[in-house]
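Under numbering that gives the first Met the number 0, the first residue of the sequence shown carries the number 0, and numbering increases by one thereafter. Taking it in order: structure first as structure tokens, then the write-up.
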Amino acid sequence: MSRRAVLTSLALVSLTLPLLAVPASAEGAAPVNSCGETGFDPAAEKPGSGAPPIEIPRVLELPVPYPEFVQVEVPGAAPDTTRVPQAPLPADPCADPCPETLPKPDSPIGGSSGSSGS
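Next comes the structure, spelled out in structure tokens:
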């Protein structure tokens, strides 16, 4: 490119740049809220709007219902709390730590020992 073309393009750019610039608002800079966010701030009321100022509380209270436990009687008969007598523990638990749970051989386990037959 020639030097003249470069100067011409720079002149055109410098002349069109002010046309592309965003116009500044009449109110000044955008509001910044307490969190540092720029933009809409509900606490910043426009002057002369005639509305009362918005009061935003510092602490927001939210009522949370807590459950209340109520004891209810179970309907029906009372449970049987009779204790069943247990077999005595062995004299030497190291020699025989487990009690015998199988039935004794002299007592029959079931019904007849015959076949079902047909």
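A virtual CB, placed ideally from N, CA and C, is assigned to each residue, including glycine. Here the structure is a predicted model, which means the values were calculated and not measured.
### 6 angstroms Cβ shell around Arg31 - same chain, five flanking residues per side excluded
Numbered from its first residue, the sequence shown carries residue 31 at position 32. Going by the sequence as given, residue 31 is Val instead of Arg. Around Val31: Thr37.
### Backbone secondary structure at Thr100 - three-state DSSP
Your numbering for residue 100 matches position 101 in the sequence shown. The answer is coil: DSSP assigns Thr100 none of H, G, I, E or B.
#### Entry: Coarse secondary structure for Val58, derived from DSSP in three states
Within the sequence shown, numbered from 1, the residue matching residue 58 stands at position 59. Here DSSP, grouped into helix, strand and coil, assigns Val58 to coil.
### Task
Would you kindly work out how many angstroms separate the C-alpha atoms of Val58 and Gly35, rounded to a whole number?
Counting from one through the sequence shown, the residue named residue 58 turns up at place 59. Counting from one through the sequence shown, the residue named residue 35 turns up at place 36. So the alpha carbons of these two residues sit roughly 18 angstroms apart.
### Message
Suppose you measure from the CA of Glu72 to the CA of Arg82; what does that come to, to the nearest Å?
### Response
Residue numbering aside, residue 72 sits at position 73 when the sequence shown is read from its first letter. Residue numbering aside, residue 82 sits at position 83 when the sequence shown is read from its first letter. Taking the straight line from one Cα to the other gives about 24 angstroms.
### Task
State the DSSP-derived secondary structure class of Thr80, mapped to helix, strand or coil.
To locate residue 80, count along the sequence shown from 1; it is residue 81. Note: Thr80 maps to coil in three-state DSSP.
### Query
What's the gap between the Cα of Leu9 and the Cα of Ala50?
Translated into positions along the sequence shown, residue 9 becomes position 10. Translated into positions along the sequence shown, residue 50 becomes position 51. Put simply, the backbone Cα of Leu9 is about 51 angstroms away from that of Ala50.
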